[in-house]
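This report concerns only the one structure given below.
In my numbering, the protein residues as written are 27 to 259.
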């Protein structure tokens with residue numbers, strides 16, 4: 027992610043070390059989460075045969091806000107960038123910093139994860155190199171008997187980088203097409219998030235969003251990768 031900087035009265039860049047520490051803490055929680063999920067009863071790409079039910083407790087405690095911390099830090103960095111970059115330059119800078127690592131990760135880092143998933147849950151018996159070739163060619167023939175097929179290639183846990191670029195592109199478009207609206211929105215949020223509003227409004231928004239998503243999830247068709255899968259060759 028982009029370094030978080032502000033601007034002093036003289037125009038020099040200032041390092042926001044406080045936000046750097048928030049980011050370090052968020053990544054520490056993220057690493058701990060993905061280490062424990064392997065041993066939890068929650069279905070993942072791969073699960074240990076030794077299940078430790080208690081690990082769900084710290085996972086559930088951090089799940090609602092650990093990724094939110096990273097978005098807050100990235101949002102602050104983007105806001106500081108808007109003070110010195112025009113919309114086109116902002117999008118160009120973010121694209122150069124985010125898309126190359128994302129594409130590299132999708133091509134090199136994610137395939138072993140996807141390979142583990144097709145072996146664990148789809149009965150794939152081929153070797154990794156064979157799978158990697160099919161992965162890069164966007165082979166969609168890795169399917170479960172219920173009709174669910176993997177979409178390849180994928181970004182898996184790199185979704186944060188992809189979403190961050192999409193949000194930045196949307197912000198750059200808003201700043202370019204409706205600069206007055208973006209300024210009005212910023213001023214309105216600054217007023218709403220004063221005092222207790224800094225706690226009350228974000229908590230209210232997150233609670234409403236969580237209940238809405240849970241309701242939508244219950245009403246939609248869900249799928250779990252457990253069960254017997256047809257072997258993929």
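For every residue, glycine included, the Cβ atom is placed at its ideal position computed from N, Cα and C.
All of these numbers come straight from a predicted model, not from anything done at the bench.
- Per the coordinates, the alpha-carbon of residue 122 lies some 27 Å from the alpha-carbon of residue 55.
- The Cβ neighbour count for residue 139, taken over all protein chains shown within 10 Å, is under 16; the residue is labelled exposed.
- Contact check for residue 71 against residue 142 passes: the beta carbons are separated by less than 7 Å.
- 7 Å or more divides the Cβ of residue 116 from the Cβ of residue 48.
- Straight-line spacing of the CA atoms in residue 148 and residue 81 works out to 26 Å.
- Taking one beta carbon from each stretch, the segment 146–162 and the segment 105–114 have fewer than 3 pairs nearer than 8 Å; the two do not touch.
- The C-beta distance from residue 99 to residue 45 rounds to 5 Å, short enough to fall under 8 Å.
- By the C-beta criterion, the segment 123–133 is judged not to be in contact with the segment 202–213, since fewer than 3 inter-stretch pairs fall below 8 Å.
- Residue 160 counts as buried, since no fewer than 16 other beta carbons sit within 10 angstroms of its beta carbon.
- One thing to note: residue 128 has its Cβ within 7 Å of the Cβ of residue 187.
- Rounded to the nearest whole angstrom, the C-alpha separation of residue 169 and residue 175 is 4 Å.
- Burial state of residue 218 is exposed, judged by a 10 Å Cβ sphere holding fewer than 16 other Cβ atoms.
- When the beta-carbon positions are compared, residue 79 and residue 90 stay at least 7 Å from each other.
- If you draw a straight line from the Cα of residue 172 to the Cα of residue 119, it is about 43 Å long.
- Within a 10 Å sphere around the beta-carbon of residue 104 sit 16 or more other beta-carbons, which makes this residue buried.
- For residue 133, the CB contacts under 8 Å within the same chain, skipping 5 residues up- and downstream, are 162 and 179 in chain order.
- Here residue 182 is not near residue 145, since their CB atoms are 7 Å or more apart.
- Exposure of residue 151 is indicated by the presence of fewer than 16 other C-beta atoms within 10 angstroms of its C-beta.
- As DSSP reads the structure, residue 175 sits in a beta bridge with 169.
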